[in-house]
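In the working numbering, the protein residues as written are 2 to 334. Step one of this worksheet: look at the structure below.
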Ligand code: AQP
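As structure tokens, then:
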């Protein structure tokens, strides 16, 4: 076994991937993998997507796209397994055991549950409620030391730690208690239509997000339409959240700091700034989209990647689930 710290990262194929997922998560994971300091597992979290009603064909398409986008964005499948969560049955097996060690009270305090049940009032299903337990299973199954999480997922990591500690206290040391990994640089990308909300792939307004596979025209159009303020200065400040969001997107794709961006566009106005942001995003997406197109024309290769990823993931996951089953008292098959 490697003595490197282990990291589990994942994205749900709950919609087409946005530049929010890329700039806030995937881009950092690529850098993390390059350092060779960690043993990384990359999970395509398909089981999580069905807490919200989805068309089966959309899940299939989004899942394959996501796999190809992981590789096209720079994740090296030769170095780390990339796998579909549903190909590793231990996620569901562990999730049941953990459900029996999690309290209704703790789950009802989760803000994402409250938010999502408000958004999907016609489908407040039990899976939506126990989603954090499946997420705890995802992490604990791999005995992950670190989990890269954004602000929005911190509460779920906290409950994962609580569940792990409770299980360890009840049944003896079984799980590693994971820590949050906060990347040194990580953009939080906001909706182009409402800078108070994060950019989300499930947003019903398609002008709010930029997809990784959006055409150059679509990127230009969406950025030109982005909500800003009635001023004209490319600067940060009170009431300028829309411009600040575009500045941070521009900074994330060009590597420029906020100060450098303010200087670059000093006295130039939004009519110059917005197309420049769009051009920079288009250029950043171009090589990824080209690689994606190549990969999608080679389905055999993609299949090989997710199969061998699942093989490695299953090996690790099976070890944990058999330990857990033994500890709770199930007779070994
Ligand atoms: N707008 C964002 N800015 C920065 N990071 C973001 N992430 C998501 N949106 C932004 C990060 O992407 C990773 C994977 O997210 P996920 O697919 O597991 O779920 P999510 O955070 O709920 O992403 P979405 O796009 O908002 O999906 P839906 O609309 O289905 O809920 C995480 O690391 C997240 O922080």
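Ideal Cβ placement from N, Cα and C applies to all residues, glycine included. Remember, predicted model here, so these are calculated numbers, not experimental data.
Of the choices the options, whose alpha-carbon is the least far from that of residue i?
i           : options            : result
residue 161 : 325, 138, 326      : 138
residue 254 : 94, 264, 281       : 281
residue 171 : 117, 325, 86, 50   : 325
residue 123 : 53, 168, 285       : 53
residue 42  : 299, 157, 149      : 149
residue 36  : 5, 49, 115, 199    : 5
residue 197 : 315, 115, 239, 154 : 239
residue 180 : 215, 144, 195, 194 : 144
residue 331 : 40, 152, 95        : 95
residue 248 : 206, 232, 188, 202 : 188
residue 305 : 55, 12, 85         : 85
residue 57  : 16, 276, 100       : 16
At which residues does the alpha helix (DSSP H) containing residue i begin and terminate?
i           : result
residue 64  : 57-73
residue 292 : 271-297
residue 309 : 300-329
residue 155 : 155-172
residue 261 : 259-265
Could you give the C-beta distance for residue i and residue j, rounded to a whole number, given that I count them as a contact under 8 Å?
i           : j           : result
residue 310 : residue 72  : The Cβ separation is near 11 Å, so there is no contact.
residue 1   : residue 191 : Examination of residue 1 is not possible in this model, given that the chain is present from 2 through 334 alone.
residue 8   : residue 147 : 5 Å
Could you please give me the residues that DSSP links to residue i through a beta bridge?
i           : result
residue 11  : 44
residue 149 : 182
residue 191 : 199
residue 80  : Answer is none; residue 80 lacks a bridge partner.
residue 6   : 39
Please list the terminal residues of the continuous beta strand (DSSP E) segment that includes residue i.
i          : result
residue 83 : 83-85
| message | Quick check on the DSSP output: what are the complete alpha helix (DSSP H) runs of length 4 or more inside the region 95-139, in order along the chain? | response | Counting whole runs of 4 or more residues, the region 95-139 contains the alpha helix (DSSP H) stretches 105-109, 112-120.
| query | Can you give, in chain order, each stretch of the alpha helix (DSSP H) that sits fully within the region 16-43 and has at least 4 residues? | reply | 28-36
| Sequence ranges, alpha helix (DSSP H) only - wholly within the region 195-245, length at least 4 | 217-225
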